[in-house]
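The numbering used here puts the first residue of the sequence shown at 122, with every later residue one more than the last.
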Amino acid sequence: LFEFGRHEVVRCHLGVSQGMPASKARSGRFGPASFFPFQAPRLDTRGILRPLAARRVVRWAFIILKRVLFVCTGNVCRSPMAEGLFAHMVQKRGDFHVESAGISAMDGQRASQHTQDVLRKDKIDLSKFRSQGIDRDMVKEATHIFCMTHGHRAAIEMLFPFAAEKTYLVCEFCPDEDLMGEDVPDP
Numbered sequence: 122l123f124e125f126g127r128h129e130v131v132r133c134h135l136g137v138s139q140g141m142p143a144s145k146a147r148s149g150r151f152g153p154a155s156f157f158p159f160q161a162p163r164l165d166t167r168g169i170l171r172p173l174a175a176r177r178v179v180r181w182a183f184i185i186l187k188r189v190l191f192v193c194t195g196n197v198c199r200s201p202m203a204e205g206l207f208a209h210m211v212q213k214r215g216d217f218h219v220e221s222a223g224i225s226a227m228d229g230q231r232a233s234q235h236t237q238d239v240l241r242k243d244k245i246d247l248s249k250f251r252s253q254g255i256d257r258d259m260v261k262e263a264t265h266i267f268c269m270t271h272g273h274r275a276a277i278e279m280l281f282p283f284a285a286e287k288t289y290l291v292c293e294f295c296p297d298e299d300l301m302g303e304d305v306p307d308p
């Protein structure tokens, strides 16, 4: 794991098995940003990696890790629910780190029982979740910040002006035009 500009980059071992076609060895889920740390593989006439070379080939890829931060007031209802839902949606991707925080949160509180009950229906477990207040490091590390209300967004932009360009209202991306740009009400 290392820094790449403002983004974290993860070095992932993808592996190359013996006898893998060279076309598959060169392309991959994470694109062409890969390299072979040993000698370049040797190909036979059919484009198959030769067994001796294939044993020494280790495939790496670099992916940009997106750090998504959801923000509400107390970090016990709305933002933990958004964190749980979004983390569930991207759990197989591997290029997201998802967390939540509150503008006025007290550290260490559990998610509200109602929030846990709603997410449990979708098999999302928040039993280990604990609230946390937002801080400068958290905002600095985030690549995307999604706020529940205009007030939360204004507070972040006032407290952390450097984060204005990466701070959004969560309903800015709502497909329902009636809800687009609206606040997410506190239950």
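Every residue, glycine too, gets a C-beta built ideally from N, C-alpha and C.
Just so you know, these numbers come straight off a predicted model, no measurement behind them.
With 16 other Cβ atoms within 10 Å as the buried cut-off, status of residue i
i	result
residue 291	buried
residue 204	buried
residue 296	exposed
residue 267	buried
residue 201	buried
residue 259	buried
residue 274	buried
residue 302	exposed
residue 294	exposed
CA-to-CA distance, residue j to residue i, given in whole angstroms
i	j	result
residue 220	residue 262	11 Å
residue 286	residue 276	14 Å
residue 226	residue 298	31 Å
residue 228	residue 199	16 Å
residue 234	residue 246	12 Å
residue 193	residue 278	14 Å
residue 230	residue 250	8 Å
residue 150	residue 218	Low confidence applies to residue 150: its pLDDT is 37, below 50, so where it sits in the model is not reliable enough to give any reading.
Nearest-angstrom beta carbon gap, residue j and residue i [assumed within contact, 8 Å]
i	j	result
residue 271	residue 189	Incorrect: roughly 19 Å between the Cβ atoms, too far for contact.
residue 232	residue 197	6 Å
**Unbroken stretches of the alpha helix (DSSP H), 4 residues or longer, contained in the stretch 183 to 216** = Fully enclosed alpha helix (DSSP H) runs of 4 or longer: 199 to 211.
**Item:** Entirely enclosed beta strand (DSSP E) segments - the stretch 240 to 287, minimum 3 residues
**Value:** Taking only runs of at least 3 residues, the beta strand (DSSP E) segments lying wholly in the stretch 240 to 287 are 265 to 268.
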